[in-house]
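Enquirer: Pasting a structure below so you can have a look.
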Amino acid sequence: MLPPALVTLALRPSVELRSSVKEITSLRGKDVGVRSPTQDVNPSSQEAKDKTMSLEELKKMGRAERQRMREERRRQKSDSDSESEYLVGKLAEIALTVREPDPVEGTGLIYDERMLKHKNLWDDHHPENPARISGPFKRCCELGLIDRCVRLEAQYSTEDMILLQHSQMLIETLKQTTEMNLKELRAEAIKYDSIYLNNSSYECALLSLGSTVELMEQILKRKVRNGMAIIRPPGHHAMTEEFNGFCFFNNVAIAAKHALENLKLKKILIIDWDVHHGQGTQQMFYNDPRVLYFSIHRYEFGKFWPNLRESDYDFIGEGKGLGYNINVPLNQIGMADHDYLAIFHQILMPIASEFDPELVLISAGYDCAIGCPEFEPELVIVSAGYDSAIGDPKGQMGVTPAAFAHLTHKVMSLAQGRVAVILEGGYCLKSLTESAAMTLRTLLADPCPRIPPSQEPCDSVTESILNVIKVLRPHWKCLQYQGFTSDPCPYEEVNQLPPKPDVQFMDVENKPKEYPECLEPYPVEEYYEEDRKCSPVIDRLIAKTNLDKAKHRTCIAYDEGMRAHYTSSSYYHPEAPDRITRIFDKHTEWGLTQRCTRVETRMATEAELALIHSTTYLDEIKSLEDKNPFELKKLERKFQSIYLCRDSYFCARMAAGFVLDVVDNVMTGQSQNGVAIVRPPGHHAECTEAMGFCFFNNIAIAAKYAQNKYNVKKVLIVDWDIHHGNGTQRQFYDDPSVLFISLHRYDRGFFYPSSPQGCPTMVGKGEGTGFNVNIAWNNGPMGDSEYIAAFQQIVMPIAYEFGPELVLVSAGFDAALGDPLGNYLVTPLGYGHMTHMLSSLANGRVILALEGGYHLAAIANSMAMCTSILLGDACPHLPYTEPKDSAVQCIRDVLDVQKNHWKSLKFRVNIKTEEDNEEDHLKAKERSVE
1 MLPPALVTLA
11 LRPSVELRSS
21 VKEITSLRGK
31 DVGVRSPTQD
41 VNPSSQEAKD
51 KTMSLEELKK
61 MGRAERQRMR
71 EERRRQKSDS
81 DSESEYLVGK
91 LAEIALTVRE
101 PDPVEGTGLI
111 YDERMLKHKN
121 LWDDHHPENP
131 ARISGPFKRC
141 CELGLIDRCV
151 RLEAQYSTED
161 MILLQHSQML
171 IETLKQTTEM
181 NLKELRAEAI
191 KYDSIYLNNS
201 SYECALLSLG
211 STVELMEQIL
221 KRKVRNGMAI
231 IRPPGHHAMT
241 EEFNGFCFFN
251 NVAIAAKHAL
261 ENLKLKKILI
271 IDWDVHHGQG
281 TQQMFYNDPR
291 VLYFSIHRYE
301 FGKFWPNLRE
311 SDYDFIGEGK
321 GLGYNINVPL
331 NQIGMADHDY
341 LAIFHQILMP
351 IASEFDPELV
361 LISAGYDCAI
371 GCPEFEPELV
381 IVSAGYDSAI
391 GDPKGQMGVT
401 PAAFAHLTHK
411 VMSLAQGRVA
421 VILEGGYCLK
431 SLTESAAMTL
441 RTLLADPCPR
451 IPPSQEPCDS
461 VTESILNVIK
471 VLRPHWKCLQ
481 YQGFTSDPCP
491 YEEVNQLPPK
501 PDVQFMDVEN
511 KPKEYPECLE
521 PYPVEEYYEE
531 DRKCSPVIDR
541 LIAKTNLDKA
551 KHRTCIAYDE
561 GMRAHYTSSS
571 YYHPEAPDRI
581 TRIFDKHTEW
591 GLTQRCTRVE
601 TRMATEAELA
611 LIHSTTYLDE
621 IKSLEDKNPF
631 ELKKLERKFQ
641 SIYLCRDSYF
651 CARMAAGFVL
661 DVVDNVMTGQ
671 SQNGVAIVRP
681 PGHHAECTEA
691 MGFCFFNNIA
701 IAAKYAQNKY
711 NVKKVLIVDW
721 DIHHGNGTQR
731 QFYDDPSVLF
741 ISLHRYDRGF
751 FYPSSPQGCP
761 TMVGKGEGTG
771 FNVNIAWNNG
781 PMGDSEYIAA
791 FQQIVMPIAY
801 EFGPELVLVS
811 AGFDAALGDP
821 LGNYLVTPLG
831 YGHMTHMLSS
841 LANGRVILAL
851 EGGYHLAAIA
861 NSMAMCTSIL
871 LGDACPHLPY
881 TEPKDSAVQC
891 IRDVLDVQKN
901 HWKSLKFRVN
911 IKTEEDNEED
921 HLKAKERSVE
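Counting from 1, one number per residue, gives the positions in the sequence shown under the UniProt record's numbering.
What follows is the structure, encoded as structure tokens:
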């Protein structure tokens, strides 16, 4: 039975906000809905007393109960008033910020054939050639992507724009090449490392830079949501006074400086996944805390071009910019999808969320792609080099084209989706074209193609990740999940200090005056041998990649018939019919229902219910239709936290049937994803028992149904209801085909359902060992930051390693701020971001089914936000707050248990942090700089 104070609050859903919050606050610290070990579960004696009590006596009891709780909180030295003010402020903030989806739509695209004129006049086989942009554009046309974009006109940059990062002398030098003959062009080119010139190089460089700035400005003016610039020449190696590495003007760095100085942005994230370190961009923002520069590049301890000491992990910025320069050096070739995903999960996304940019710029080089032989932001700029892609002859890495879709999708959760992807490198044309197309497809909100289950990150990338965490931990609050003691790390490289003694770096003293090798023809046979070997591999990858897209984006299930399940008791019950009505009304208010496909109403058959429940139990629930009120009341006492009416069986069958209808709609390709606004909920229901407001386990039935009817081999169930989904866990505890991950309030076993089954050590049994993951919160309340951290550190790494074909979400919203049972602090914004993360899995086949949630406004806003994200709307801005210490410890505890079963969690190790070690590190770095 609910505490009288909660009953009083529930009976007055329209009371003024402040008084409501104070009553909610008075329940904080008390486990509402928790049955202590000594509590009598038979409510009959109390119910008998209630029948004889007058209304005045009930009010008196309520006042006494509230007074008792206030005194208890004072004894605990809790400041109730300040907490009330905090909650009032948070609820008011949410009321102002949670609104219908941002109307800004469209993906901008810039491509101009004039940039094809830049080519090497003395080497027809040079890898930086016009086909690098014409190929990706053609492939995007073949996939029908270009017609879906908002075409933006290429612009020439002004000299004033260039002068934001380069000298006038550099501009004049390039301008003079327009009148040079071939001999003069060759003579000028050898002055720079890896440069060629022709009479159109200056014009193309102006177009490349101008187009980058134009795309960024259109995003910031809200003309388009995001965009891609398919441009050349690239830019991220260009330095203030020097051309370098095929680059003349630093497109991304100039655009970022323009946004900061002229457009008054405050924080920009630059992601550079080109396989070569963008030393030019790093130098330009090395002491600027307004720009977070994040580079993933092939390094080989300094032996890979550009052979700079400053490309290593310990160069983290200086002055006010200390901690805002992040290098993730890759010290061996062959890094693959899982290695890059680990970098994103462990470093980039946690730090980017904490940085909170206004814009994201991606230096998108695709030379890390397979087949290449060398290797919360206001804005996100991606230096999109694709020379890390599989088959690239420069990168010699193994990132597949489909993986770039996933990397892009992750970044799109930042800066309210304001992401500009700027092409940098990429020299295996087949891999480059496909990788760029997958990136653009993701910007257009198409589902990420399913990639194979992640393998174990290699030890080399593990060492690099841990080294980055080692030096950045003092600067970022989110890097808390390793052990930090004087004990050595099990990865020896993490215990060492850079640089390696046998490496010759490029510096001022040994820098050549000329680079005559720039005039030598590329070794064609050697260069393209890797391309020939990888070409069949790339062809197979392209053929295997499923680019199917459903006819409709999102389907939705709702029927007012489910309101028929109600309690006949005199007090208000939190699992009320208005729960689904308010949610559906909010969907209509935001215009979401009009954008969704409605599924037809149907009842689950007894055979479908029997996939999970026993026939004896089904007969018992079916018999409710024939019982009188006295018999129903008597039967209620048999179950935990259940009320019954003659329509309970009807509504429970409809709820289960609706979820199965959504499964049908998604698995047959009618819709990409789906939402089921259903009640009664289901995740507590056991095979033979109703409990916790639940009759039939809707999600468990749906998982079995999908496996039986559609031969789905791997199902991921994520349960973020605040209560542990005991019924779902029990159904699949020994089943390796279903990965069950539950995030729930646990309070060391004293929060409902008050069972040790929800603790982190319950990992499954038999063949299902490791396929049950309990993220059990203690010492709450937890909010957005804690849940997002759990997703980044546990949920997403494990999910990618599992590789589901279908994702089912037990979407309870009783962890929402203001919920009277949960007393947690998750906002609709947090639920939206969790939904976004999950939607990258299973080719976008994600289904949300309502479970709990008892604050009507909170559940309406929260589920509407999730549906908005599934429909492809931009993620809302989610301010960063540091996770509670107790949450960090809970996450560590889960990692310690689950790392024995999931290789993606291998980063939970100790990092040595002796002060002497840090002092030696600083001295070594000073020597290297000198």
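Backbone N, C-alpha and C define an ideal beta-carbon position, used for all residues, glycine too.
Is K912 helix, strand or coil when you go by DSSP?
Expert: strand
Enquirer: Do you know how far the Cα of S353 is from the Cα of L547?
Expert: 29 Å
Enquirer: With a CB to CB cut of under 8 Å and the five nearest residues on each side skipped, what residues in its chain are close to L164?
Expert: So the list reads I254, K257, H258, E261, once near-sequence residues are dropped.
Enquirer: Give a yes or no on whether the C-beta atoms belonging to Y324 and I296 are separated by under 8 Å.
Expert: No, Cβ-Cβ distance for Y324 and I296 is not below 8 Å.
Enquirer: Relative to the alpha-carbon of residue 970, which residue among A860, P804, K709, A437 has its alpha-carbon at the smallest distance?
Expert: No answer is possible for residue 970: the residues shown for the chain start at 1 and end at 930.
Enquirer: Give the range of the beta strand (DSSP E) segment to which T881 is assigned.
Expert: No beta strand (DSSP E) holds T881; DSSP gives it neither H nor E.
Enquirer: Given a cut-off of 8 Å, decide if S737 and K709 are closer than it, judged by their beta-carbon atoms.
Expert: no
Enquirer: Note the first and the last residue of the continuous beta strand (DSSP E) segment covering V773.
Expert: 772-777
Enquirer: Is it buried or exposed for G669, if we count other Cβ within 10 angstroms and need 16 for buried?
Expert: exposed
Enquirer: Helix, strand or coil for H744? Go by DSSP, reduced to three states.
Expert: strand
Enquirer: At the 8 Å Cβ level, is I296 part of the contact set with chain C, yes or no?
Expert: This model lacks chain C altogether; it includes just one protein chain.
Enquirer: With DSSP as the reference, label C687 as helix, strand or coil.
Expert: coil
Enquirer: Between L739 and P797, how many whole angstroms is the CB-CB distance? I'm expecting something under 8 Å.
Expert: Actually they do not touch by this definition, with Cβ atoms about 12 Å apart.
Enquirer: Return the chain-ordered ranges of every alpha helix (DSSP H) run that is complete within the segment 428-477 and spans a minimum of 4 residues.
Expert: Secondary structure in the segment 428-477: the alpha helix (DSSP H) runs of 4 residues or longer, each lying completely within the stretch, are 429-443, 459-472 in chain order.
Enquirer: Report the rounded CA-to-CA distance for A690 versus D896, giving the unit in angstroms.
Expert: 34 Å
Enquirer: Distance, Cα to Cα, A405 vs T433?
Expert: 13 Å
Enquirer: Determine the DSSP secondary structure at F639, reduced to helix, strand or coil.
Expert: coil
Enquirer: Report yes if the C-beta distance between V715 and L848 is below 8 Å; otherwise report no.
Expert: By the CB criterion at 8 Å, V715 and L848 fall outside the cutoff.
Enquirer: Report the rounded CA-to-CA distance for F732 versus L806, giving the unit in angstroms.
Expert: 15 Å
Enquirer: Tell me the start and end of each unbroken alpha helix (DSSP H) in the segment 481-546 that is at least 4 residues and wholly inside, in chain order.
Expert: 492-495, 524-544
Enquirer: How far does the alpha helix (DSSP H) with L341 in it reach, from first residue to last?
Expert: 337-343
Enquirer: Can you tell me whether DSSP reads S614 as helix, strand or coil?
Expert: Here S614 sits in coil by DSSP.
Enquirer: For E376, count neighbouring Cβ atoms within 10 angstroms of its own Cβ and tell me buried if that reaches 16, exposed if not.
Expert: Confidence at E376 is low in this model, with a pLDDT of 40, below 50, so the placement of that residue is unreliable and no value is reported for it.
Enquirer: Under the assumption that G818 contacts A858 (Cβ atoms under 8 Å), give the Cβ distance between them as a whole number of angstroms.
Expert: 5 Å
Enquirer: By the 10 Å Cβ neighbour count, where 16 or more other Cβ atoms means buried, how is E318 classified, buried or exposed?
Expert: exposed
Enquirer: So M228 is in the beta strand (DSSP E); what residue range does that whole segment cover?
Expert: Counting along the chain, the unbroken beta strand (DSSP E) around M228 starts and ends at 226-229.
Enquirer: Please name the residue in L444, Q332, D507 whose C-alpha comes closest to that of A463.
Expert: For clarity, residue 463 is Glu in the given sequence; the question names Ala instead. Ranking L444, Q332, D507 by Cα distance to E463 puts Q332 first.
Enquirer: Under 6 Å Cβ to Cβ from V888, same chain only, skipping five residues before and after it: list those, please.
Expert: Q480
Enquirer: Looking only at its own chain, which residues have a Cβ that is under 6 Å from the Cβ of L609, when we skip the five neighbours before and after it?
Expert: L618, F696
Enquirer: Does S225 pass the burial test, meaning 16 or more other C-beta atoms within 10 Å, or should it be called exposed?
Expert: One point to set straight first is that residue 225 is Arg, not Ser, in the sequence displayed. Flag for R225 reads buried.
Enquirer: Helix, strand or coil for L697, going by three-state DSSP, please let me know.
Expert: Leu is not the amino acid found at residue 697; the sequence shown has Asn there. The answer is coil: DSSP assigns N697 none of H, G, I, E or B.
Enquirer: Taking the C-alpha atoms as reference points, what is the distance between A415 and L592?
Expert: When only Cα atoms are considered, A415 and L592 end up about 23 Å apart.
Enquirer: Among H833, T835, Y787, I911, which one has its Cα closest to the Cα of E882?
Expert: Y787
Enquirer: From A189 to H276, what distance separates their C-alpha atoms?
Expert: 20 Å
Enquirer: Does the beta carbon of L429 fall short of 7 Å from some heavy atom of the ligand ZN?
Expert: Here there are no bound small molecules, and the ligand ZN is not part of this structure.
Enquirer: At which residues does the alpha helix (DSSP H) containing V718 begin and terminate?
Expert: V718 -> not in any alpha helix (DSSP H); beta strand (DSSP E) instead, spanning 715-719.
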